[in-house]
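In the numbering used here, the protein residues as written are 293 to 548.
Right, dumping it as C-alpha cells:
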C-alpha cells in the first residue's frame, strides 16, 4: 500500500524536487532547521518536512504487541495539522501522544495543504498522469504551483514544460478550487485530463458547480470515508478549471 502511495505521489514529489533544482528548497527539511532546540532531542530530532505541504514524524520505537500499536510521542510545528490517513486534527506548537497501527503512520498535512497524486495504472510509468487527483485539506486558503515536464529529457531547458497554479479559496461554507495553466507550452502533459478533487474532512455539500473557462461542465460527486470527492472528465489542461462546493458546516471537525 505504501509503495503504491509513493508512486501516486510522484507528481507532488517531482514538483517539490523541481523547487530544489530551481530555488534550492530541499525536498526534506529536518525539523531542527526551524526549531534548533530539537537538534539534541532524541524524541523529535528525526522529524522532517516533506516538501511544503507534509510533515513526517518517523516511528523509532517498537510497537506494543499486546495493543498491536506503537505508542508514539511527536511534536507538531505551529499551525493546525491533519493526520494524512485518518484526517484527525492536531493543534500545532505542542507535543502529542497517539497510537499507530501497522497500516498507519504519523504523516501530517497542514491546514490548507494541496497535494497532487497521479493514477497511472502502469507502475513503471512516471510521466505526467492523465488522471490527476488533487487532495485539499480545509482550514485556510492556499496556492500551489505544479511543475510538469516529460520526466526524461532535457527539453525543459528549451521551455518544454508546463506550470499550473492550484488556488484554493477557503470559507467555512464555500470551497473553491481554480486550476489554470500559467507558464510553459502545451503538449508536455496530456492534452486532456480527468481531475478528481478530494476535499478532505468534508461532508456532502448542497451545491457543486464546475466550469472550464466560462462554460459550465458536468461534474460527479460522492462521499468516500471522511472526504467529499468531485470528479470532472476529459478537461483540457490548458485553460482554467473552476470547481466550487457550498453548504452549511461542511467541514468535519475531529480535533485530537
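Cβ coordinates follow ideal geometry from the N, Cα and C atoms, glycine included.
Between residue 320 and residue 343, the alpha-carbon positions lie close to 6 Å from each other. Excluding its 5 nearest sequence neighbours in each direction, residue 533 has C-beta neighbours in its own chain below 6 Å: 471, 504, 527, listed in chain order.
Here the alpha carbon of residue 517 sits roughly 13 Å from the alpha carbon of residue 376.
Fewer than three pairs of CB atoms, one per stretch, sit closer than 8 Å, so the region 353-361 makes no contact with the region 325-336.
Taking C-alpha positions only, residue 391 is separated from residue 298 by approximately 23 Å.
Just so you know, the alpha carbons of residue 335 and residue 366 end up roughly 7 Å apart. Minimum Cα-Cα distance from residue 359 among the listed residues 339, 394, 402 corresponds to 394. Secondary structure at residue 365: strand, using DSSP grouped into helix, strand and coil. Membership of residue 428 in the beta strand (DSSP E) is indicated by the continuous run 423-428. Of the candidates 387, 439, 380, 387 places its Cα closest to the Cα of residue 370. In this structure, the alpha-carbon of residue 438 lies about 8 Å from that of residue 304.
Apart from sequence neighbours up to five positions away, the residues of its chain that approach residue 457 with a beta-carbon distance below 8 Å are 435, 436, 437, 438, 470, 471, 472, 474, ordered along the chain.
Sequence-distant partners of residue 307 (beyond 5 residues in either direction) whose C-beta falls short of 6 Å from its own C-beta, in its chain, are 438, 439. By the CB criterion at 8 Å, residue 494 and residue 542 fall inside the cutoff. Under the three-state reduction of DSSP output, residue 510 falls in the coil class, being neither helix nor strand.
The beta carbon of residue 537 sits closer than 6 Å to the beta carbons of 467, 497, 500 from its chain, once the five residues preceding and following it are set aside; these are given in chain order. Your pair residue 476 and residue 443 does not check out as a contact, with CB atoms roughly 14 Å apart and the cut at 8 Å. Shown here for residue 525: same chain residues with a beta carbon closer than 6 Å to its own, the five before and five after excluded, namely 486 in chain order. By the CB criterion at 8 Å, residue 404 and residue 361 fall outside the cutoff. By the neighbour-count criterion, in which 16 or more other beta carbons inside 10 Å mark a residue as buried, residue 441 falls on the buried side.
Close CB contacts of residue 312 within its chain, under the 8 Å cut and outside five residues either way in sequence, are with 318, 319 (chain order). The residue from 401, 480, 295, 397 with its alpha-carbon nearest to that of residue 449 is 480. Boundaries of the beta strand (DSSP E) around residue 383: 381-383.
Of the candidates 406, 519, 402, the residue whose Cα lies closest to the Cα of residue 491 is 519. For residue 532, DSSP records a beta bridge to 472.
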